[in-house]
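Enquirer: Sequence lines, in order, name chains A and Z. If you count the first sequence from 1, you need to add 22 to reach the working numbering. If you count the second sequence from 1, you need to add 7 to reach the working numbering. I'd like to ask you about the structure that follows.
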Amino acid sequence: MIDVDVAQRLGTFDLAAKFSADAPIVGLFGRSGAGKSSVINAIAGISRPAHGRIVISGTVLFDSAAGIDVPPEARRVGCVFQDPLLFPHLDVEGNLLYGLRRRPAPERVIEPARVVDLLGLEPLLRRGVRHLSGGEKQRVAIGRALLAQPRILLMDEPLAALDVPRKSEVLDYVLRLRDDLGIPILYVSHSVPEITRLADTVVVMSEGKCLAAGEIDIVMGRLDLKPATGRYEAGALIDTRVASHDAAHDLTTLEFDGGVLVVPALDARPGDRVRARIRARDISIALERPAGISILNILPGTVTAIEAETGPIVDVSIAIGRAALTARITRRSVEGLELRVGQPMYALIKAVSFDRRSVGYA
Amino acid sequence: MAYFGPEIPGILALSLKVALVSVLVSLPLAVGVAYVLARASFPGKTLLDAIVHLPLVLPPVVVGFALLLLFGRRGPLGSVLESWFGIVVAFRWTGAALASAIMGFPLMVRAIRLSIEAIDRRLETAARTLGGSRGFVFASITLPLALPGIITGALLSFARGLGEFGATITFVSNIPGETQTLPLAIYTYTQTPGGDAAALGMSLIAVALSIAALAVSEWLTRRATRASGP
């Protein structure tokens with residue numbers, strides 16, 4: 023459980039962030055400059071808010087009213103930053119054990135062997151840190167933070183400096199952490215694919231304030247948060263289950279509450295839970311079921327909301343079974359089809375609009 | 008022709024002792040001052056910086072005279088030192104070490120300060136979040152990463168101490184066997200009729216010592232830099 027309520031003036035910027043979240047991975051999402059890192063620094067004790075209260079899993083780390091300000095070394099808050107910040111004068115093992123050695127033996131619950139195994143660090147232990155790849159460095163940084171026996175792991179844009187294959191490598195490790203260690207993670211990112219792939223609950227920040235906190239598919243689908251979540255990235259998330267593979271065509275069929283989706287072949291077993299992100303601009307709307315069309319996913323549903331918009335583009339919320347999607351179409355199409363709330367329609371989604379970044383293990 | 012007399016080993020040993028003690032005594036203080044100058048901001052920081060650098064720009068004879076006034080047996084600091092700790096520095100080799108320490112102090116602080124300023128402070132922050140107290144982080148992160156600068160500073164001050172002349176001769180005079188270091192002995196021989204050959208011999212030794220100190224400094228710095236990262 024993460025309870026944060028902090029206020030701080032930082033130059034010309036006012037931070038006034040208040041949220042409460044409880045999930046294995048909480049995403050802290052917002053554009054750069056939204057105040058995400060300021061929140062992280064306040065939780066870690068790197069900066070001191072003017073007033074407020076920070077409680078992690080029942081432990082008060084900061085409470086201006088009660089005069090509590092636990093120093094960073096006693097907070098047991100693990101930090102992984104964009105820059106791995108490994109200690110250059112120590113080798114990988116020295117870095118990993120730095121925090122562990124600062125904890126009294128009874129508190130050492132997370133063991134080195136387990137972390138080394140989990141993060142695949144065995145071959146790196148004796149190496150100096152300068153010649154590691156970006157992904158390896160970040161894995162060492164994660165391991166180092168974990169071995170300091172944190173009550174929460176704060177990850178501040180940990181993938182931002184990595185190239186795409188490394189991003190995916192580290193992401194997989196973060197998911198393994200969540201499943202194996204049970205330490206809550208507060209994951210900061212401005213990237214929708216990262217947040218949607220990892221987080222269960224998301225907090226949206228903008229201009230130093232928290233706009234919303236809640237289940238990711240609900241929050242990220244909200245049209246009113248679009249200025250903060252971004253126009254380009256608008257879309258929806260649905261939880262699905264792998265139904266079958268079509269080996270002949272390299273396709274995978276996903277079942278969800280509302281129908282099936284056909285996507286390019288996934289490396290997953292039937293029955294696996296998979297989260298698919300459907301971008302609003304990848305959905306078209308038809309009033310009748312079209313025939314003679316290349317689009318493989320044609321899903322019947324109803325219109326639930328139409329965004330009031332004067333520009334050329336309109337976002338239309340639609341319900342497919344119990345899944346909520348957003349379709350981005352032109353205002354001319356909305357008028358031409360005479361769309362209205364409650365109207366039955368078909369959502370058309372090209373199978374090729376799904377890729378590695380939009381479909382992943384839940 | 009250069010002449011190497013039987014008194015040379017004694018003079019050399021005294022010179023090395025004076026320079027070494029001056030470095031050992033001033034090093035902890037120099038690290039502290041360098042850290043404060045690199046990291047803290049407080050009113051009077053510019054003044055502290057100026058005071059530290061003063062020996063670099065003042066005529067050494069002025070520094071020596073100031074030491075004489077302050078640390079003479081009846082001087083305000085000298086009398087305290089004698090009555091509280093029983094240490095007498097006036098006209099003793101310890102006074103020569105004090106003079107060297109003060110003359111080398113700016114060089115030492117400067118080198119250490121630069122290397123502390125070059126440390127990414129976020130490394131120290133990361134160490135704090137990993138459970139290291141302020142003091143532990145200083146000892147385990149800051150000091151090792153500043154090591155190249157600390158070595159450079161110590162050796163610069165050591166070399167400066169071997170060559171120190173003006174402040175020493177003013178403060179503790181030129182007493183053979185007590186305060187007569189290598190430069191003072193050379194000076195004495197140049198003032199003695201027929202002493203040129205001995206002065207030349209000692210000068211050659213001084214040159215060799217200085218080159219050796221610089222070479223060791225270079226070698227140690229390179230080793231420490233390799234060990235402590237890019």
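Backbone N, C-alpha and C fix where the C-beta goes; we use that ideal spot for every residue, glycine too.
Which of the three DSSP states, helix, strand or coil, is assigned to A:L107?
Expert: Position 85 of the first sequence, counting from 1, holds the residue named residue 107 of chain A. Coil at A:L107, not helix or strand.
Enquirer: So, using beta-carbon positions, are A:I342 and A:L321 closer together than 8 Å?
Expert: Your numbering for residue 342 of chain A matches position 320 in the first sequence. Your numbering for residue 321 of chain A matches position 299 in the first sequence. Closer than 8 Å, so yes.
Enquirer: Relative to the alpha-carbon of A:P187, which residue among A:E216, A:V196, A:G157 has its alpha-carbon at the smallest distance?
Expert: Translated into positions along the first sequence, residue 187 of chain A becomes position 165. Comparing Cα-Cα distances from A:P187 to each of A:E216, A:V196, A:G157, the minimum goes to A:G157.
Enquirer: DSSP state of A:A265, grouped into three classes?
Expert: Your numbering for residue 265 of chain A matches position 243 in the first sequence. Of the three classes helix, strand and coil, the one that applies to A:A265 here is strand, per DSSP.
Enquirer: Could you tell me how far apart the beta carbons of Z:G85 and Z:F178 are, in whole angstroms, since I believe they sit closer than 8 Å?
Expert: Here the question's residue 85 of chain Z lines up with position 78 in the second sequence. Here the question's residue 178 of chain Z lines up with position 171 in the second sequence. Not a contact, Cβ separation roughly 11 Å.
Enquirer: Could you check if Z:K52 is buried or exposed, using at least 16 other CB atoms within 10 Å of its CB as the buried criterion?
Expert: As a working note, residue 52 of chain Z is residue 45 in the second sequence. Per the 10 Å Cβ criterion, exposed.
Enquirer: How long is the line joining the alpha carbons of Z:S107 and Z:I15, rounded to whole angstroms?
Expert: The count along the second sequence starts at 1 and reaches residue 107 of chain Z at position 100. The count along the second sequence starts at 1 and reaches residue 15 of chain Z at position 8. Going from the Cα of Z:S107 to the Cα of Z:I15 covers about 20 Å.
Enquirer: Output yes if chain A places a C-beta closer than 8 Å to the C-beta of Z:P13; else output no.
Expert: Working through the second sequence from its first residue, we reach residue 13 of chain Z at position 6. Not closer than 8 Å to any Cβ of chain A, the Cβ of Z:P13 fails to qualify, so no.
Enquirer: From what residue to what residue does the alpha helix (DSSP H) around Z:T159 run?
Expert: Counting from one through the second sequence, the residue named residue 159 of chain Z turns up at place 152. Note, Z:T159: alpha helix (DSSP H), 150-170.
Enquirer: Is the beta carbon of Z:S33 less than 8 Å from the beta carbon of Z:M110?
Expert: In the second sequence, residue 33 of chain Z corresponds to position 26, counting from 1. In the second sequence, residue 110 of chain Z corresponds to position 103, counting from 1. No, Cβ-Cβ distance for Z:S33 and Z:M110 is not below 8 Å.
Enquirer: Give the range of the beta strand (DSSP E) segment to which A:N319 is assigned.
Expert: Indexing the first sequence from 1 puts residue 319 of chain A at position 297. Unbroken beta strand (DSSP E) run through A:N319: 319-328.
Enquirer: Within 10 Å of its beta-carbon, does Z:W226 have 16 or more other beta-carbons around it, so buried, or fewer, so exposed?
Expert: The residue labelled residue 226 of chain Z in the question sits at position 219 within the second sequence. Result: exposed.
Enquirer: Run down chain Z in chain order and give the residues with a C-beta less than 9 Å from the C-beta of A:F109.
Expert: Taking the first residue of the first sequence as position 1, residue 109 of chain A is located at position 87. Here the neighbours are L130, A133, A134, S147, I148, P151, L152, G236.
Enquirer: Expressed to the nearest angstrom, what Euclidean distance is found between the alpha-carbon atoms of Z:I176 and Z:H60?
Expert: Position 169 of the second sequence, counted from the start, is the residue given in the question as residue 176 of chain Z. Position 53 of the second sequence, counted from the start, is the residue given in the question as residue 60 of chain Z. One alpha carbon belongs to Z:I176, the other to Z:H60, and they sit about 21 Å apart.
Enquirer: With DSSP run on the structure shown, which of helix, strand or coil describes A:A127?
Expert: The sequence position of residue 127 of chain A within the first sequence is 105, counting from 1. If DSSP states are grouped into helix, strand and coil, A:A127 belongs with the helices.
Enquirer: At a Cβ threshold of 8 Å, is A:P94 touching chain Z?
Expert: Stepping through the first sequence from its first residue, residue 94 of chain A is reached at position 72. Taking Cβ atoms only, chain Z reaches closer than 8 Å to A:P94, which makes this a yes.
Enquirer: Under a three-way DSSP split, which group does Z:Y10 fall into?
Expert: Translated into the one-based positions of the second sequence, residue 10 of chain Z becomes position 3. Coil, per DSSP.
Enquirer: Identify which residue in A:I260, A:V61, A:D268, A:A258 has its Cα closest to the Cα of A:V210.
Expert: Here residue 210 of chain A refers to the residue found at position 188 of the first sequence. A:V210 has its Cα closest to that of A:V61, out of A:I260, A:V61, A:D268, A:A258.
Enquirer: Give the interface partners of Z:G139 over in chain A, defined as CB-CB distance under 7 Å, in chain order.
Expert: Along the second sequence, one-based indexing puts residue 139 of chain Z at 132. The answer, in chain order, is E95, R124.
Enquirer: What residue does the alpha helix (DSSP H) around A:Q9 start on, and which one ends it?
Expert: No statement about residue 9 of chain A is possible, as the shown extent of chain A runs from 23 to 384 and does not include it.
Enquirer: With A:G49 as the anchor, note down where its beta strand (DSSP E) starts and where it stops.
Expert: For this step, residue 49 of chain A is matched to residue 27 along the first sequence. For A:G49, the uninterrupted beta strand (DSSP E) segment begins and ends at 47-51.
Enquirer: Determine the contact status of A:I390 and A:R200, defining contact as a CB-CB distance below 8 Å.
Expert: For chain A, the structure presents residues 23 to 384; residue 390 of chain A sits outside this window and is missing.
Enquirer: With the cut-off set at 8 Å, would you say A:P134 and A:L122 are in Cβ contact?
Expert: In the first sequence, counting from the first residue as 1, residue 134 of chain A sits at position 112. In the first sequence, counting from the first residue as 1, residue 122 of chain A sits at position 100. Yes, these two residues count as a Cβ contact at 8 Å.
Enquirer: By the DSSP assignment, the alpha helix (DSSP H) with A:R295 in it spans what residues?
Expert: The residue given as residue 295 of chain A occupies position 273 in the first sequence. It is not in any alpha helix (DSSP H) - A:R295 instead sits in the beta strand (DSSP E) that spans 295-301.
Enquirer: Under 8 Å Cβ to Cβ from A:N63, same chain only, skipping five residues before and after it: list those, please.
Expert: For this step, residue 63 of chain A is matched to residue 41 along the first sequence. Answer for A:N63: S69, listed in chain order.
Enquirer: Mind checking if A:Y7 is an interface residue toward chain Z, Cβ cutoff 8 Å exclusive?
Expert: There is no way to answer for residue 7 of chain A, as the model of chain A reaches only from 23 to 384.
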